[in-house]
Amino acid sequence: MTFVLENISLSVGQETVIDDVSLTLDQGSMSVLLGPTLSGKTTLMRLMAGLDRPTTGRLIEGGVDVTNVAVRRRSVAMVYQQFVNYPSLTVYENIASPLRVAGVGRAEIETRVMEAARLLRLDNLLQRLPTQLSGGQQQRTAIARALVKRAKLVLLDEPLANLDYKLREELREELPRIFAETGAVLVYATTEPTEALLLGGTTITLHEGRVSQVGPTARVYRRPENIEAARVFSDPPLNELVIEKRGPLVTSESGRNLPLVGALTRLPDGVYRLGFRADAVAIGDGKSQGFNFPGEVKVTELSGSESFVHVDVGVGVWVCLAPGVHEWQPGAQVEARVDANRVFVFDSSGGLATTPFIAQTA
Amino acid sequence: MTGKPINNRAWLFVLPVLAFVLFSSIIPVMTVVNYSIQDTMGANNFFWNGDGWFRDLLNPSTAIGARFDDALFRTLAFSLVCLMIEVPLGIAIALCIPRRGWLVGLTLVVMALPMLIPWNVVGTIWQIFTRADIGLFGAALTGLGLHYNVTQDPISAWITIVVIDVWHWTPLVILLSYAGLRAIPDAFYQAAQIDGASRWAIFFNIELPKLQKVLVIAVLLRFMQTFMIYTEPFVVTGGGPGSATTFLSIDLVKIALGQVDLGNAAAMSLVYYLITLTVCWIFFTIMTQLERRRDA
Amino acid sequence: MARITLDGIAHAYGGKPRSEQDYALKPLHHVWEQGMAYALLGPSGCGKTTLLNIISGLVIPSEGRLLFDDIDVTRLPTKERNIAQVFQFPVIYDTMTVAENLAFPLKNRRLPRAAIERRVTEIAAMLDLTGVLNRRARGLTADAKQKISLGRGLVRSDVSAVLFDEPLTVIDPALKWELRSKLKAVHRALDLLMIYVTHDQIEALTFADKVVVMNDGKAVQIGTPDDLFERPEHTFVGYFIGSPGMNLMAAKVSGSRALVDGVELQLSAVYPDPPKGQRVQIGVRPDYTELSSMAGAPVQVRRVADLGRKRLAYVTLGGQQIVATIPPEMSSIGDQAKVVFDPAHTHVYVDDIRVTGAAA
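Residue numbers (my numbering), protein chains in the order written: chain X, 76 to 437; chain Y, 914 to 1209; chain W, -4 to 355.
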């Protein structure tokens, strides 16, 4: 059953909160809503669920216009960031609650609840109350409750944000698998690019209530169509540089002359904004097919097998990725070498001008 | 919230309530309005009077105007005195109640008992309590050599009514303040400890600001109730001695039922009502302004 | 103060512990050196916040002594301990401006006004708060408020330790980087002992010189980020550090070879045969487990995840599920593949503890 949003907009007073969003979500698909906080992810999900009505636009579920259908009569389940469970009901009753409301028979309830509990590893916790559970277990109860409804549309609003790092990793892997069997349309909202990449599926990047890009996750990652999509899909944050090209001359905003290499060769004259991720900048002896900027190390962040070096290059602070564990001391003078072949070039309106990086779809 | 799917059937549920409110409140009020702009001696003879009653009422040089002024002043003074005692006292006691433990439940229940007593029973209790011969309070005070006589001494009467109100209603302020205090996360107290703040500093910089909203509600409720007080003074002092404790509501009843001066009474009721409404509105605005500033 | 010593510190909520299970924090001996940055890393309920609260004085431990520089402070009230604490959510005084917030601890200690102003300006500059000094603290963003909380701790020059209780929890992810760098910069500038509680390994590894990995009330391993990554002493450390965690496979070890579900792996040292009945596992991090197109252990590929910077393959070796990295040159991956383990980074764990073998 395909779910379609047609020119959905929502205005609150004078403010446009959601601006002309059109999406097609196929049955059994996983869509990731990626955007910073307050970009409209939760609002959009509420519109999809029918909790709020859009100011303009239509929602079409399996060919039927459901824009004005109350959420009670829609086939939708939602999981929130704060684990929402009925505090006075046991885990079993919590999971069974939507079925009881729908008037499903007792035997059927038993089957469906046990199945969901098994999938979410809650089998031996069924008689406990939510207050006796850990955060991860509570969230799994909420997810089981959404699962048992067999809803056609399942909305997950940053469901793992309040969980421990490791727990997040584990659940993140399980979630798509668990819901894949139900054939539902899954929409998962998150602020973290890594989560989007791990979940796969389609990514919808949101910025200030507008969709900046839609596409298969890996493709959106490799070919952001505008600066907003690139920014939202970068962790650590996107490094940026404004340049001006006039004929064979390329100057950065600080006045440095840069070589005409890589992505820049095919550009018409004008002012451009370059965006490049941390893995496109190396320290010192990197693959030097691009620009070298001297700078001062501000801090090095370690993450197990990689180091992120923050270098102040005058026009800004860039984050550079170095393999292994190297700790450059703050204040050290280094050279940040940008690989010009892995730079996204955006023109003055924010759209992608060109990228020589051939998209590799796995 | 915009665009929640509208369910028109909800109106059917509200209809009975609307009907009831109409019957018990709005129609009687309209009757009063009717009386306030006409002159009648009962027996369904009505003569148009326009704003005559109102002009007399609000003109301090007329008999009725002066009387209204006095009563209004008395009531306002009473409200102010009660507020000035009840609010700080309530907060102070709330600060003393522990945050955790079994004692909390017990303390709160005992504290709430005065609020549960029907108001005229409160009046009767204190009426006996303050008698110089058989009342504990009265006997104790006279025994101490103080000149205390509820029925004859205006000051005694005033003090008594104020004490009754404080005894009766401070628990409300206590409960509201306590709830507000409990809502303050522990981390604030811990941080204040680390910052080396004194108890006073903690009160002024953490507790009082966080109690703002609660206090606005408490002050509003207490003001309205003291402004409209009737039962306790009626039972204990009957409005006396003389007119020492004749508050607006008591005066109104005297005029309306005692003197059957319906026009003046009706006008007075409306003015009374409008004053209360205005004060409510002011408090409400303060509260929403506080909300808006907080969210800014 | 030069150091904080934990001498047999243990804590059981509710007084009398009858068994090891009742301890929220099991007996711990450790010395925290001045000027170093430590992280307490572990999942919820591992005891890290309890330990932090014991150090700050909010909890009095049921056993053991706490020494600040050889002075017993176990029962000393928080006020007198010269420590500062930053909480999970920003704690600021609503009614005051930023400058007044920062000045508050100094005012309470009755410092002269000129000294207060000087110190406030200094700390504000360090934390990039100079621009908002005269604004009401209430209206600022979460990260600015956390900086104010931190500033209030740093403004006292007699502070010798700063404790952080998951301070980046409410910060917008886009700004977490900035705040992390700022904390590190502050640490370098002021020679303070800093103890940072978190469940996020990146925060811990970035921030700390040494990380104390905790689980279930016990300190499982204390080491530098490199130690924890390359030589996890306990399977829990292997699992908890690294994203994804270490691959653990049940195996039979004999000499310099290990047998995992019939597949033979080469080890870099010679190991004695473990006694019967003990659980033997081989641990290799996904970073050292690579998919190869040539020789290697045969595996079935369940799923491929593309993380932009690197690609991971979720595979099954025999009956065990592990994760391997995909070398950038490899373009297409079918259902069957081969996996190579780096012997130099293959560890042997007996009953969850790492065993070092003799040189081969």
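Cβ coordinates follow ideal geometry from the N, Cα and C atoms, glycine included.
On a predicted model such as this, the values are computed, not experimentally measured, just so you know.
As summarised for the region 236 to 279 of chain W, the continuous beta strand (DSSP E) elements at least 3 residues long and confined to that stretch are 242 to 245, 247 to 255, 258 to 266 and 275 to 279, given in chain order. Any Cβ of chain X closer than 9 Å to the Cβ of Pro220/W would place that residue at the interface, and such an atom is present.
Taking 9 Å as the threshold, the shortest C-beta distance from Pro111/X to chain W falls below it.
Contact between the region 1193 to 1201 of chain Y and the region 1146 to 1163 of chain Y is absent: fewer than three C-beta pairs spanning the two stretches fall below 8 Å. Contact note: Val86/W reaches chain Y through Ala1100, Phe1101 and Ala1104, using a C-beta cutoff of 7 Å and chain order.
When only Cα atoms are considered, Ser423/X and Leu349/X end up about 11 Å apart. Pro100/W is a Cβ neighbour of Asp1108/Y, given a cutoff of 9 Å.
The beta carbon of Asn129/W is closer than 8 Å to those of Thr92, Val93 and Ala94 in its chain, skipping five residues each way along the sequence. Shown in chain order are the members of the region 1104 to 1121 of chain Y whose Cβ falls below 9 Å from a Cβ of chain W: Ala1104, Ala1105, Gln1106, Ile1107, Asp1108, Gly1109, Ala1110, Ser1111, Ala1114, Phe1117, Asn1118, Ile1119 and Leu1121.
Take Leu135/W, set aside five residues on each side of it, and the residues of its chain with a beta-carbon closer than 8 Å to its own are Val93, Val127 and Ile143, in chain order.
Contact annotation for Leu273/X against chain W: Ala300 and Leu302 [CB-CB distance below 8 Å, chain order]. Within the region 30 to 46 of chain W, the residues whose Cβ lies closer than 8 Å to any Cβ of chain X are, in chain order, Pro38, Ser39 and Gly40. Scanning chain Y for C-beta atoms nearer than 8 Å to the C-beta of Gln80/W yields Gln1103, Ala1104 and Ile1107, reported in chain order. Neighbours of Lys179/W in chain X, taken as residues at a C-beta separation under 7 Å, are given in chain order as Val374.
If only uninterrupted alpha helix (DSSP H) runs of at least 4 residues are considered, those enclosed by the region 194 to 224 of chain W are 196 to 202. In terms of Cβ geometry, Gly359/X and Arg297/X do not form a close pair [threshold 9 Å]. Taking each of Phe63/W, Pro239/W, Ala79/W and Ile4/W in turn and checking the Cα distance to Arg147/W, the smallest one comes out for Ala79/W.
With a 10 Å radius around the Cβ and a threshold of 16 neighbouring Cβ atoms, Ile66/W comes out exposed. The beta-carbon of Leu377/X is placed less than 9 Å from the nearest beta-carbon of chain W. Within the region 1061 to 1097 of chain Y, the runs of alpha helix (DSSP H) at least 4 residues long that lie entirely inside it are, in chain order, 1067 to 1095. Going by beta carbons, Gly3/W and Gly59/W fall inside the 9 Å limit. At a Cβ-Cβ threshold of 9 Å, Ser1090/Y and Val1127/Y count as neighbours. Neighbours of Leu97/W in chain Y, taken as residues whose beta carbon is under 7 Å from its own, are absent, since the nearest beta carbon is some 11 Å off.
Per DSSP, Asn962/Y lies in no beta strand (DSSP E) segment and is marked neither H nor E.
In chain W, no part has a C-beta under 9 Å from the C-beta of Ala255/X; the shortest such distance is about 11 Å.
Per DSSP, Phe936/Y is not a residue of any beta strand (DSSP E), being assigned neither H nor E.
DSSP, reduced to helix, strand and coil, places Pro38/W outside both helices and strands of the structure shown, so it counts as coil. Given a length threshold of 3 residues, each whole run of the beta strand (DSSP E) inside the region 14 to 95 of chain W is given here in chain order: 20 to 28, 32 to 36, 58 to 63 and 78 to 81. For Lys116/X, the uninterrupted alpha helix (DSSP H) run begins and ends at Lys116 to Ala124, by DSSP. Closest in C-alpha terms to Val1129/Y, from the list Leu1049/Y, Ala932/Y, Ile1142/Y and Val1086/Y, comes Val1086/Y.
Less than 9 Å divides the Cβ of Thr988/Y from the Cβ of Leu1161/Y. Neighbours of Met91/W across chain Y, judged by C-beta separation under 9 Å: Asn1118. Less than 9 Å divides the Cβ of Gly125/X from the Cβ of Val144/X. In the three-state reduction of the DSSP assignment, Met121/W falls in the helix class. Under DSSP, the beta-bridge partners assigned to Gly345/X are Lys320/X. Beta-bridge partners assigned by DSSP to Leu145/W: none are found.
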